[in-house]
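Here the structure is laid out as structure tokens; the discussion comes afterwards.
Residue numbers (the UniProt record's numbering): 1 to 404.
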């Protein structure tokens, strides 16, 4: 078989290359020390593994050239096994893709620059062509190794993110939660809020979560996402205003209400926001006209009617009791106002006071509670608070408690 044949490899050239494998590997490692700054910064163990890869690559080329020659290469999977199989997969987390490309390029340059001095002149053109074909296979093998590593990392990150969000929903905040969030790139400092809504149809979780994170980053926030049953849960960090924060991602939820819980001081207390948002989401069907997104505190009456004890206590403690402790006439006036169909004149006649006195007292109610009796939605919240406060017996005179 003629050594000059462009198809069949030269056994003479393969034998020469085989004997030169050690020298080529040594030359490549020396070039790395001088030309690749990142290589010098590696630990001794990692440098040794890189050396193993270089040697495996050069030996792999010689074996391939002896076996395949001018025919198409063995495929990227076979090359990945022969070149990268000797080193641990963890090395892909130490050396990034660009550094691996630099490593492969330098190794090929070393082999090419020494071919003319190693093999016979008649064999040199065929060997040069073989190096180019093998380099292509190594390039595909490199891409395959890092693609698999990225896929595994993506799957691991998804599981880790789901664990973090689940811990927030279950009120299981601890140091593990914070360390896991940090591993996912959570850098938010400041207030945190949880947003809940239905999962949109015809979207993969990966695509959906990526879009949520993109929108959150555009608004200057971090985001953690998970799907719990039919619900999409988004934990936002770096929140200034909960409604504004929720508006940045609301369009990515499915049909139905989108609820945002109150802000928590950090991720460790985000379960407080999640608890309120979850309760509001369960009760949201009671207010079909609710804005989207809607804050959980705006659904207090629906939550109370649905059996949410936290909402009931809030309405009693933050709405009813302040009215009782302020002036007895405020509760009396508010009750009379509701009983008489929100008529100021009828309320004044029932209480034997001027209509302007009724208006003044109602303004006091609004200033004290934040809810204006003249506004239908606010009036509904105040009525529920009055009922719950009376049922609680708190702040009532002893006779009233006995009657209850």
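The beta carbon of each residue, even a glycine, is placed where N, CA and C say it ideally should be.
Q) What number of angstroms, rounded off, separates the C-alpha of residue 344 from the C-alpha of residue 270? A) 43 Å
Q: Sort 305, 26 and 275 by Cα distance to residue 283 and report the nearest one.
A: 305
Q) Is it the case that the Cβ atoms of residue 138 and residue 57 are separated by a distance below 8 Å? A) yes
Q | Close beta carbons around residue 295, own chain, < 7 Å, minus the five adjacent residues each side | A | 242, 243 and 260
Q: Flag residue 110 as yes if its beta-carbon sits less than 8 Å from any beta-carbon of chain D, otherwise no.
A: Absent from the structure: chain D. Only one protein chain is present.
Q) Quick one: any contact between the segment 249-256 and the segment 192-199, if contact means 3 or more CB pairs under 8 Å? A) yes
Q. Can you name, in chain order, every residue of its own chain whose Cβ lies under 7 Å from the Cβ of residue 350, other than the five neighbours on each side?
A. 336 and 340
(Q) Which residue marks the beginning of the beta strand (DSSP E) containing residue 237, and which one marks its end? (A) 231-237
Q: Tell me the start and end of each unbroken alpha helix (DSSP H) in the UniProt domain "PucR C-terminal helix-turn-helix" (330-387) that is at least 4 residues and wholly inside, in chain order.
A: 344-351 and 355-369, all fully within the UniProt domain "PucR C-terminal helix-turn-helix" (330-387).
Q: Starting from the Cα of residue 248, find the closest Cα among 60, 13, 216 and 172 and give me that residue.
A: 216
Q: Starting from residue 197, follow the beta strand (DSSP E) in both directions and report where the run begins and ends.
A: 192-198
Q.
Is it buried or exposed, residue 171, if we count other Cβ atoms within 10 angstroms and call 16 or more buried?
A. exposed
Q.
Is the beta carbon of residue 221 closer than 8 Å to that of residue 245?
A. yes
Q) Can you name the start and end residues of the alpha helix (DSSP H) that residue 55 belongs to? A) 44-67
Q) Relative to the C-alpha of residue 205, which residue among 190, 234 and 192 is closest? A) 234
Q | residue 11 burial status per 10 Å Cβ neighbour count (16 or more: buried) | A | exposed
Q) Anyone know if the C-beta pair for residue 36 and residue 116 falls short of 8 Å? A) no
Q. If we call anything under 8 Å between Cβ atoms a contact, is residue 394 one with residue 321?
A. yes
Q | Cβ separation of residue 162 and residue 177, assumed to be a contact under 8 Å, to the nearest whole Å | A | Not a contact, Cβ separation roughly 13 Å.
Q: Quick one: grab the DSSP three-state call for residue 295.
A: strand
(Q) Can you check which of these residues, 285, 257, 26 and 264, is closest to residue 293 by C-alpha distance? (A) 257
Q. Can you tell me whether residue 17 is buried or exposed, with buried defined as 16 or more other CB within 10 angstroms of its CB?
A. buried
Q | Cβ-Cβ separation, residue 239 to residue 192 (assumed contact under 8 Å), whole Å | A | That belief holds up - the Cβ atoms of residue 192 and residue 239 are roughly 6 Å apart, short of 8 Å.
Q.
Taking the beta carbon of residue 13 as the centre, do at least 16 other beta carbons fall within 10 Å, making it buried, or is it exposed?
A. Around the CB of residue 13, 16 or more other CB atoms lie within 10 Å, so the residue is classed as buried.
Q) Per DSSP, residue 228 forms a beta bridge with which residues? A) 231
**Q.** Own chain residues within Cβ distance below 7 Å of residue 383, not counting five before or after
**A.** 338
**Q.** Cβ shell of residue 273 (< 6 Å), same chain only, five flanking positions each side left out
**A.** 193, 194, 261, 262 and 264
Q | Rounded straight-line distance, which links the Cα of residue 324 to that of residue 387 | A | Roughly 13 Å between the two C-alpha positions.
Q: Helix, strand or coil for residue 222, going by three-state DSSP, please let me know.
A: strand
Q) CB-CB under 6 Å to residue 77, same chain, minus the five flanking residues each way: which ones, in chain order? A) Unreliable positioning characterises residue 77 in this predicted model, as indicated by a pLDDT of 47, which lies under 50. The coordinate reading is nonetheless provided below. Answer for residue 77: no residue qualifies.
**Q.** As assigned by DSSP and simplified to three states, the class of residue 290
**A.** Reduced to three states, the DSSP call for residue 290 is coil.
Q: Give a yes or no on whether the C-beta atoms belonging to residue 279 and residue 317 are separated by under 8 Å.
A: no
Q.
For residue 281, which residues in the same chain have their Cβ closer than 6 Å to its Cβ, ignoring the five residues on either side in sequence?
A. 196 and 259
(Q) Between 19, 211 and 237, which has its C-alpha nearest residue 413's C-alpha? (A) In the structure as shown, the chain starts at 1 and stops at 404, and residue 413 therefore has no counterpart that could be examined.
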